[in-house]
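Protein chains in written order, with UniProt numbering: chain G, 1 to 325; chain S, 1 to 737. The beta-carbon is built from N, C-alpha and C at its ideal position, and this holds for glycine as well.
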Amino acid sequence: MKPFSFSKSDKVSKALSAKKEAVQFLAGGTNLVDLMKKNIAVPDGLIDITAVLSDKVEAQSGSTRIGAMVRNSALATDPQILAKNPLVAKAVLAGASPQIRNMASTAGNLLQRTRCPYFYETSTPCNKRKPGSGCSALHGEQRMSAIIGYNDACVAVHPSDLCIALAALGASVNVTDKGNKQLVIPFKDFHKLPESTPDLDNHLPKDAIITSVDIPDNPFNKHFAYVKLRDRDSYAFALVSVAAALDLDGTRIKEARLASGGVAHKPWRWQKAEQYLKGKEANAATFHAAAAIVADEVKPLPGNGFKKVMLMGAIETALQHCLTA
Amino acid sequence: MGLFNTKNKAAGKPDGRVEGIAKVTGAGKYAAEYKVDNMCHAVFAGSTIAAGTIKSIYLDNAKQVEGVLDIITHLNKPAVPGFASETKLKETRFGLPLFHTDKVYFRNQPVAMVVADTLENATYAASLIEFTYQEDTPTVDFKKAHPSVPLKMQGKERGSLDAWSNAPQVVDQQYDIAAEVHNPMEMHATIAHWTADDKLVLYDKTQGVVNVQRTIAKIFEIPQENIEVFSEFVGGGFGSGLRVWTNGVGAVMAAKAVKRPVKLMLTRSQMFSLTGYRPAAWQRVKLGADNDGKFLGIHHQGKNGTSVFEPFQEGITSITRMVYNFDNLKAEQSIVPLNLGTPTWMRGPGDCTGAFAVECAIDELSYQLNMDPVALRLKNFAITHDPENKKPYSSNFIDECITKGAEMIDWKQRKQQPGALTEGDWKIGYGVAVGMWGAGRGNASAGITMEKDGTMTVKTAMTDIGTGTGTAMQNMTHTFTGMPKDKIKIALGHSTLPTAGSQGGSTGLSSISGAVSAVCDALKKQLADYAAAINPAYKDAKPADVLLSATGVSLKTDKNEFVSLADIWQKNNLTDISVKASSGPGAERQQYAFCCSTAHFVKVRVNTKTGKVKVERAICVADGGTIVNEKPAANQISGAIVGGIGMALMEEIHADEKLGNLVGNDLAGYHFAVNADAPIIEVAFINKPDPYVNPSGAKGLGEVGIIGCAPAIANAIYNATGKRLRDLPITPDKVLV
Chain G
1 MKPFSFSKSD KVSKALSAKK EAVQFLAGGT NLVDLMKKNI AVPDGLIDIT AVLSDKVEAQ
61 SGSTRIGAMV RNSALATDPQ ILAKNPLVAK AVLAGASPQI RNMASTAGNL LQRTRCPYFY
121 ETSTPCNKRK PGSGCSALHG EQRMSAIIGY NDACVAVHPS DLCIALAALG ASVNVTDKGN
181 KQLVIPFKDF HKLPESTPDL DNHLPKDAII TSVDIPDNPF NKHFAYVKLR DRDSYAFALV
241 SVAAALDLDG TRIKEARLAS GGVAHKPWRW QKAEQYLKGK EANAATFHAA AAIVADEVKP
301 LPGNGFKKVM LMGAIETALQ HCLTA
Chain S
1 MGLFNTKNKA AGKPDGRVEG IAKVTGAGKY AAEYKVDNMC HAVFAGSTIA AGTIKSIYLD
61 NAKQVEGVLD IITHLNKPAV PGFASETKLK ETRFGLPLFH TDKVYFRNQP VAMVVADTLE
121 NATYAASLIE FTYQEDTPTV DFKKAHPSVP LKMQGKERGS LDAWSNAPQV VDQQYDIAAE
181 VHNPMEMHAT IAHWTADDKL VLYDKTQGVV NVQRTIAKIF EIPQENIEVF SEFVGGGFGS
241 GLRVWTNGVG AVMAAKAVKR PVKLMLTRSQ MFSLTGYRPA AWQRVKLGAD NDGKFLGIHH
301 QGKNGTSVFE PFQEGITSIT RMVYNFDNLK AEQSIVPLNL GTPTWMRGPG DCTGAFAVEC
361 AIDELSYQLN MDPVALRLKN FAITHDPENK KPYSSNFIDE CITKGAEMID WKQRKQQPGA
421 LTEGDWKIGY GVAVGMWGAG RGNASAGITM EKDGTMTVKT AMTDIGTGTG TAMQNMTHTF
481 TGMPKDKIKI ALGHSTLPTA GSQGGSTGLS SISGAVSAVC DALKKQLADY AAAINPAYKD
541 AKPADVLLSA TGVSLKTDKN EFVSLADIWQ KNNLTDISVK ASSGPGAERQ QYAFCCSTAH
601 FVKVRVNTKT GKVKVERAIC VADGGTIVNE KPAANQISGA IVGGIGMALM EEIHADEKLG
661 NLVGNDLAGY HFAVNADAPI IEVAFINKPD PYVNPSGAKG LGEVGIIGCA PAIANAIYNA
721 TGKRLRDLPI TPDKVLV
């Protein structure tokens, strides 16, 4: 690993003013330190911001606020989260391993880089790691690649589980920028598609710090499911995952939320299918039709055609689990 | 039912392991953990192409890193005598002429080695070395490469193909298995210390210290006895520790170059390329039977991948000759060179691969015949004699294994009709397959040093890679002498201890049991001789007559003739007693055939919507002769089943066809089974002594637990879904599409 300087900060404003080019903020470090060991991230310095960020889950008027430094394991067991947004806890527990969840922060989870195997192999071309070098996965191993929203520059997917639940629940991201200005970024606008800048995963302004994530109060704490399909049952990234939630009036769907991981460069909301579900009877036929709407939207790569069938199955299963789980 | 039958009070509480406390407290030292004065660190830089020639190397940036002592490449390497010519290289059996060629054979091949004061500096400097190459097109895709490689006869044909050309029942299918990696928890590492010009001390992660001595002696042309090897604790092996790899040779070269002790530990991603793997395999099995299910003949073909610089052939078709009565048998094999590292033996090598094809083909035949696959196997097992050499089996309880396993899983719950058991989106199925492995035995020596207070240390150079060898030695010593277990200490894994072969091929316990028996006899004889100076009743006592306790010796014939250790020590003016003995296989090997066996039964659930396969129950009944210690024995089997689940459902190392890199070469990207993927594994043993294999009656259990596991799972998936999947691993996409 390249030698680097290390400092700690105790205030957001101090951390921001200490931030220089080629210096990165460090929270849980579960992704960044790995990337440094692999010479993928090569910062000149790190600023430890674990002390400047809130590690509390707090009730706000009309929302729940998750401090940026709330560890994944704490988030998954927080009583307010379990009561108001249990889908979040389910998604968190589907990710990583207990050891990693004990370290990983909420904000860091939003900022983790893709797990595309070529991104991790520095001797191969990768536009995300080295802009302009090409995309090895475009003609290579595509098991973990996208099926929607990709382009020739990048077919990588966003790896988080937590973010899929946050996308489904319409969360927003609170940010303090370099000039100490507070910004609110809706979750759907936080992550981005590869476009012509696949090296950038999100719209977080340069040198800004995520301070918290807000989840609006919602009716999705009774009928919800997170289904993650992967090659082993723990410590594996999703082939496809589905966060599903229903607001039911008897057997009629008042409102539905449906989002997926493992399919795109960002957490993906299936809005057409959500619209379709609205007002329908919650039954297998409805769920199958919703899944078919999703299947129509995706365009698998030559090496991951199975994901279309798998995604349909995951959506039907998740919606069914909303009724039974 | 769990690992042990807790209802059986007589079974008692299973013993813990002799090395348990040292391992969990960190007191046990693994190869990379020894502290050697003035030690520095070596780190490999790997090639970034998979085939070609090194054109230029740019070292300036790397050399400027603080603490760098030397950078070794093929241009400036200290000449290694064993790599001086093709002929010499062949004699070393090392394969890769490390830093003695400009050729690149596979990606991540070590092409430079930085030696520096710290691991951090060496690692950083290695990342700054730049190469230019003349790149050739690599061949890495086994499935694309193998069809053009012709097959060759493997062993003698038994009977003839013509004899069953009109068999009324024939199954003729092809089976594929992806390459798998061992990746034991402990990374391969070596500390090399030249204590004189021709004297070397090595701390090495290995399954055999003597093999390390022998290999390094050949490569560096120094006497074998001048090399001292420590491998006292080993964090798993699964076969990857049966060879010396580049970390060993690299560390020795580096230590010579900088004249300091050098540590070289591979990174996890290097482990994928530099320490072997189970090669990808293709097989075709043609199986003929009559309408009652009696096997008439088998034609088994197999190919496996190897590297372009070193041939490695798996014994894929060996198991076909052992388990069943085939009057007619033809086997053919070949190897397919690829631009990958050299594969090596991995748990159940060859047989594990072969059993997948044969046991699936038999399952296919059972459906064709509409016959219970358990009954079909029972009808065709070769129980009394090895069908190849016609020698009687010393013991063979594979029939009891399959009968007991069927009872344990309640086999009658299985439906002969595939897809008949359904729960919502889940289909439920049952599968069976068997495994067999030759029960080998090698030469081994052991020593005992006894102190005045009765404390005994039983010693051998053999390693314990986690199998419980040390614990078994303690158990056997207790059984053979009567000495309480808390008085018996164990010393292992050091080349100055009484010599023993590598721990591999399931021969460890079998070999060492003879040595332990012999050395216990030697000790008893010695004690009897000393006791005779005090009590004439001991004058002509045979070892079998002598019984030890914590305080003294007595005679089986007359327990009143007790002589205390204190008296023996005083009368004979002793400081300690040291005895040594060797033992090995004998004439019994000419008279008998030896095997251990398993029967695997699994119940799976397969989700028709998501393709998810869940192993709900996994049962393994094993014949390993006498079970010396049930806890580590069952642990061996359950670990093997977890490996078998991985092989069946997820393990696959895949190389990018154009770039030649291994995709996802870390523990997150390579999926081996974890606890969440395995049910509570139910293990049972036949536990009957083998009368001839060795004095303990125990047969090895290391390999046989995994052999047959993957086909049992594949067969259960067929029973659940009606879908026959012949390409491992059976990932959810294959189930779905």
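Checklist entry - Tell me, which residues are paired with Glu-186(S) by DSSP? => result Here Glu-186(S) is not bridged, per DSSP, to any residue.
Item to check | Same chain, Cβ closer than 6 Å to Lys-489(S), neighbours up to 5 away in sequence not counted | outcome: For Lys-489(S), same chain residues with a beta-carbon under 6 Å away, outside a window of 5 residues either side, are Thr-457 in chain order.
Item to check | Contact list for the region 208-236 of chain G against chain S, Cβ threshold 9 Å | outcome: For the region 208-236 of chain G, the beta-carbon criterion of a distance under 9 Å to any beta-carbon of chain S is satisfied by Val-227, Leu-229, Arg-230, Asp-231, Arg-232, Asp-233, Ser-234, Tyr-235 and Ala-236.
Item to check | Supposed contact pair Thr-114(G) and Ile-156(G) - C-beta distance, whole angstroms, cut 8 Å | outcome: Reading off the sequence shown, one finds Ala at residue 156(G), where the question assumed Ile. Taking 8 Å as the upper bound for CB-CB distance, Ala-156(G) and Thr-114(G) are in contact here, some 4 Å apart.
Checklist entry - Which whole runs of the beta strand (DSSP E) in the region 237-300 of chain G are 3 residues long or more, in chain order? => result The qualifying runs are 240-249 and 252-261.
Next on the checklist: If contacts are defined as beta-carbon pairs under 8 Å, then Val-213(G) and Thr-106(G) qualify, I think. What distance do you get, rounded to the angstrom?
Outcome noted: Taking the Cβ atoms as the reference, Val-213(G) lies roughly 6 Å from Thr-106(G), within the contact range of under 8 Å.
Item to check | Amino acids of chain S, ordered along the chain, whose beta-carbon sits closer than 8 Å to that of Gly-140(G) | outcome: Within chain S, the residues near Gly-140(G) are Asp-656, Glu-657, Lys-658, Leu-659 and Val-663.
Checklist entry - In or out: Tyr-58(S) buried (at least 16 other Cβ within 10 Å) or exposed? => result Exposed.
Item to check | Proximal residues of chain S, C-beta to C-beta of Phe-306(G) below 7 Å | outcome: Against chain S, the beta carbon of Phe-306(G) has neighbours under 7 Å at Asp-733, Leu-736 and Val-737, listed in chain order.
Checklist entry - Can you name the residues of chain G whose CB is closer than 8 Å to the CB of Tyr-124(S)? => result The contacting residues are Met-1, Lys-2 and Pro-3.
Checklist entry - Along chain G, in chain order, which residues have C-beta atoms closer than 8 Å to that of Gly-669(S)? => result Going along chain G in sequence order, the residues near Gly-669(S) (Cβ under 8 Å) are Arg-115, Pro-117 and Tyr-120.
Checklist entry - What's the call for Leu-75(S), buried or exposed, on a 16-neighbour Cβ count within 10 Å? => result Exposed, because fewer than 16 other Cβ atoms sit within 10 Å of the Cβ of Leu-75(S).
Checklist entry - Applying a beta-carbon distance threshold of less than 7 Å, which residues of chain S neighbour Met-310(G)? => result Under the 7 Å cutoff, chain S gives Thr-610, Gly-611, Pro-732, Asp-733 and Leu-736.
Item to check | Proximity winner among Phe-685(S), Thr-118(S) and Glu-388(S), relative to Met-408(S) (alpha-carbon distances) | outcome: For Met-408(S), the closest alpha carbon among the candidates Phe-685(S), Thr-118(S) and Glu-388(S) is that of Phe-685(S).
Next on the checklist: Determine whether the beta carbon atoms of Leu-53(G) and Val-23(G) lie at a separation below 9 Å.
Outcome noted: Going by C-beta atoms, Leu-53(G) is not nearer than 9 Å to Val-23(G).
Checklist entry - Between the region 36-62 of chain G and chain S, which residues of the former have a C-beta closer than 7 Å to a C-beta of the latter? => result If you check each beta-carbon in the region 36-62 of chain G against every beta-carbon of chain S, the ones closer than 7 Å belong to Asn-39.
Checklist entry - What do you reckon, are the CB atoms on Ala-91(G) and Ala-27(G) nearer than 9 Å? => result Contact annotation: Ala-91(G) and Ala-27(G) have beta-carbon atoms that are not nearer than 9 Å.
Item to check | Below-9 Å beta-carbon distance, Glu-650(S) vs any chain G residue | outcome: Before going on, a small fix: residue 650(S) reads as Met here, not Glu. At least one chain G Cβ lies under 9 Å of Met-650(S).
Next on the checklist: Whether or not the region 96-103 of chain G and the region 68-86 of chain G are in contact is what I'm after, with contact meaning three or more pairs of Cβ atoms, one per stretch, closer than 8 Å; do they touch?
Outcome noted: In short, these stretches touch, since the Cβ pair count reaches three.
Item to check | Under the three-state DSSP convention, the category Asp-198(S) falls into | outcome: Note: Asp-198(S) maps to coil in three-state DSSP.
Checklist entry - Just checking my contact of Ile-647(S) with Glu-180(S) at CB under 8 Å: how many whole Å lie between their CB atoms? => result One point to set straight first is that residue 647(S) is Met, not Ile, in the sequence displayed. Confirmed, Cβ separation roughly 6 Å.
Checklist entry - Are the CB atoms of Val-114(S) and Ala-42(S) nearer to each other than 9 Å? => result Contact flag set, yes.
Checklist entry - What residue from Thr-477(S), His-188(S), Ala-461(S) and Asp-576(S) has the CA that sits closest to Leu-266(S)'s CA? => result Of the listed residues, the one whose Cα sits closest to Leu-266(S) is His-188(S).
Next on the checklist: Give me the subset of the region 669-689 of chain S whose CB atoms are less than 8 Å from a CB atom of chain G, sorted by chain position.
Outcome noted: The region 669-689 of chain S vs chain G, Cβ under 8 Å: Gly-669, His-671, Phe-672, Ala-673, Val-674, Asn-675, Ala-676 and Asp-677.
Next on the checklist: Buried or exposed for Lys-9(S), going by 16 or more other Cβ atoms inside 10 Å?
Outcome noted: Legend: pLDDT at Lys-9(S) = 46, less than 50; position of this residue unreliable, value from coordinates given subsequently. Its Cβ having fewer than 16 others within 10 Å, Lys-9(S) is exposed.
Checklist entry - If you scan the region 74-104 of chain G from start to end, which runs of the alpha helix (DSSP H) of 4 or more residues do you find wholly inside it? => result Taking only runs of at least 4 residues, the alpha helix (DSSP H) segments lying wholly in the region 74-104 of chain G are 79-84, 86-93 and 98-103.
Item to check | Simplified DSSP assignment, three categories, for Pro-205(G) | outcome: Three-state result, Pro-205(G): coil.
Item to check | Which listed residue (Phe-25(G), Asn-31(G) and Ile-40(G)) has its alpha carbon closest to that of Ile-49(G) | outcome: Measuring C-alpha to C-alpha distances from Ile-49(G) to each of Phe-25(G), Asn-31(G) and Ile-40(G) identifies Phe-25(G) as the nearest.
Checklist entry - Does the region 422-430 of chain S come within contact of the region 442-460 of chain S, defined as at least 3 CB pairs closer than 8 Å? => result Of all C-beta pairs linking the region 422-430 of chain S to the region 442-460 of chain S, fewer than three are shorter than 8 Å, placing the two stretches out of contact.
Item to check | Chain-order list of residues whose beta-carbon lies under 8 Å from that of Pro-150(S) (same chain, five-residue window excluded) | outcome: For Pro-150(S), where only same-chain residues beyond five positions count, the Cβ hits under 8 Å are Ser-334.
Item to check | Coarse secondary structure for Thr-25(S), derived from DSSP in three states | outcome: Three-state DSSP puts Thr-25(S) in a helix.
Next on the checklist: Whole angstroms are fine: how far does the CA of His-191(G) sit from the CA of Val-212(S)?
Outcome noted: So the two alpha carbons sit approximately 53 Å from each other.
Checklist entry - Is DSSP giving Thr-721(S) helix, strand or coil here? => result The answer is helix: DSSP assigns Thr-721(S) an H, G or I state.
Item to check | At least three beta-carbon pairs within less than 8 Å, the region 642-659 of chain S to the region 138-148 of chain S | outcome: Remark: three or more beta-carbon pairs, one from each stretch, lie closer than 8 Å, so the region 642-659 of chain S and the region 138-148 of chain S are flagged as touching.
Item to check | Residue nearest to Leu-119(S) in terms of C-alpha spacing, selected from Gly-305(G), Glu-121(G), Lys-37(G) and Ala-256(G) | outcome: Between Leu-119(S) and the set Gly-305(G), Glu-121(G), Lys-37(G) and Ala-256(G), the nearest pair of CA atoms involves Lys-37(G).
Next on the checklist: Taking its Cβ as the centre, do 16 or more other Cβ atoms sit within 10 Å of Val-737(S), making it buried, or is it exposed?
Outcome noted: It is exposed - the Cβ of Val-737(S) has fewer than 16 other Cβ atoms within 10 Å.
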